[in-house]
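Taking mature numbering (1 follows the signal peptide of the UniProt record, and there is no 0), I'd label the letters of the sequence shown as residues -18 to -1, 1 to 354. Even glycine gets a Cβ: it sits at the ideal position worked out from N, Cα and C. Just so you know, these numbers come straight off a predicted model, no measurement behind them.
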Amino acid sequence: MPWVFFVAATAAAALAHATIIPKTYSNPWISIIIDGEQKRVLLSPMTQGIVLFQDIAAAEQKHRSSQVSVAFNGHSVQTMIKIVRRPPHLHVPWTVDGVIGVGIKSTRTELLWPYVNGSDPNSMQYTYSGMDYATGAASLQFGPSSDTILWSEPMNTVDDFYYQRFTSFPMYQVSVCGKSVTEATSSYWDAVVDFRSPCLTLPKEFYATLLAWAPLSYNATVNLTVVRPGVAAADLPTLRFQLSHFSPLLSLPLASFVLPGNATLLPTYLCIQPGHSVKHVVGNHWAYPDIDDQGDVFTNPLDDNMRVPNMYRSPIVLGTMALQSLGLVVHAKHTRVGFHRPSPPPSNVSGDFSVITTPYLKDIDFSHKCKS
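Below, the structure is given as structure tokens:
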């Protein structure tokens, strides 16, 4: 069941690095009204619909038709909710009553958010503007955004568990210090949205490229990134990316990952972590299936594992600290995510930018924030 995966992943994420990463930096929640009662529910990019926790036996889990009000217009919707036994070890620092699915899927044959009015296209979009680290309350508003949004490409229809369970989008031209992070592998890579984790996670090879150019190092003991001595957090470079080959650049300052209490202490930790190796994943797809005398690799179908795109097994993960900086807009009907359009750069722009071929960026010096 999806909520079981959600609970297990939440517990694993919360137990790691508890002494450095505050437990309050992930698992945001919103308040909704169910049958006239206010409930706190965790945001999940994986769960579909609404799951309520109750003190019942595991065998007593059930479904119930309820009036639910979450949408921007305040109208209630009659929908089915699932009631399950309250997890004994949820490992979140606040009291919650359940989980609400706010993710998207590549399939378009079902109403992913059954708690909104599916006939109203305005209901099929929300804007996430971050969370209150003290209380866990999320700033989330259903309905169309009044701002100009840069949209990603829609999710593809890919028959793979690793892809379908996440809210994801292709991230193009990821770079730091004017150098591509993904160039050795691809010009784009799959990125997923994860409210359960606070950190930015980069596949191992991309993470190594980040350390090669930015003034950072890796602390394996705590599995976190460390700012090198003598470098102020405010002087860290910026990670930049695009939502297509020709879209404007979006910025994710590395300074936005500085963990609390570390801005003026040594060492300064960043909530950036290495993920799985891309080479290991790609290697699994290089093995051809067995070939008999009557066929070859051009006539025999590939096995299930080889049909899976490599990037979906080792994606870039945008946790809550990344979303705190970027914000997020999600459209269920169009199965895509978006971000607010950045302001145009001034004519005398300076700093570290990622696409040097852009005319106003070609002569920029990156050395003041990056390794020489």
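Would you please state the rounded distance, in angstroms, between the beta carbons of residue i and residue j? I believe it to be under 8 angstroms.
i           : j    : result
P230        : R323 : 7 angstroms
Q67         : I38  : Reading the sequence as shown, one finds Arg at residue 67 and not Gln. Indeed they touch by this definition, with Cβ atoms about 5 angstroms apart.
A173        : L300 : 6 angstroms
residue 365 : T61  : Residue 365 is absent from the model: the chain starts at -18 and stops at 354.
S169        : M137 : Not really, about 19 angstroms apart at Cβ, beyond 8 angstroms.
L305        : Y110 : 6 angstroms
Nearest to residue i by alpha carbon, out of the options?
i    : options                   : result
N205 : P256, L192, S162 and S169 : P256
S307 : P211, P180, Q36 and P70   : P180
T167 : Q155, F151 and V175       : Q155
T1   : L218, Y200, A120 and Y251 : Y251
I32  : V84, P249, P70 and V209   : V84
P152 : P297, C352 and G309       : P297
L198 : K351, S8 and W171         : K351
K44  : Y189, V59 and K64         : K64
Y7   : W171, A215 and A119       : A119
A215 : S150, L122, S121 and S238 : S238
So for residue i, helix, strand or coil by DSSP?
i    : result
E187 : helix
V52  : coil
V163 : coil
F228 : coil
S307 : helix
A269 : Confidence at A269 is low in this model, with a pLDDT of 36, below 50, so its placement is unreliable and the value that follows should be read with caution. Reduced to three states, the DSSP call for A269 is coil.
A40  : helix
V33  : strand
S238 : helix
A120 : strand
M293 : helix
Going straight from the alpha carbon of residue i to that of residue j, what length do you get?
i    : j    : result
E187 : G56  : 46 angstroms
S105 : K315 : 10 angstroms
G18  : P219 : 49 angstroms
P103 : T302 : 27 angstroms
V260 : V50  : 43 angstroms
F35  : S157 : 42 angstroms
A202 : S127 : 41 angstroms
S101 : V163 : 42 angstroms
D286 : M293 : Summary for D286: the model assigns pLDDT 46, below 50, so the residue's position carries little reliability, and this model does not support an answer.
I82  : S233 : 29 angstroms
G265 : A40  : Legend: pLDDT at G265 = 46, less than 50; position of this residue unreliable, no value from coordinates given.
V337 : E135 : Because the pLDDT at V337 is just 33, under 50, the model does not fix this residue reliably, and the point stays unresolved.
Q242 : I3   : Here the sequence assigns Pro to residue 242, which means Gln is not the residue at that position. Approximately 8 angstroms between the Cα atoms of the pair.
G125 : L72  : 30 angstroms
A194 : F148 : 30 angstroms
A53  : L122 : 10 angstroms
L236 : K353 : 15 angstroms
V78  : Q20  : 11 angstroms
So who's on the other strand from residue i, going by DSSP bridges?
i    : result
Y251 : V208
K21  : I14
Q107 : H313
W171 : M153
G320 : W133 and V311
S233 : R222
K64  : V33 and H45
Within 8 angstroms of any Cβ in chain D, is that where the Cβ of residue i sits?
i    : result
L305 : No chain D appears in the structure shown, which is made up of a single protein chain.
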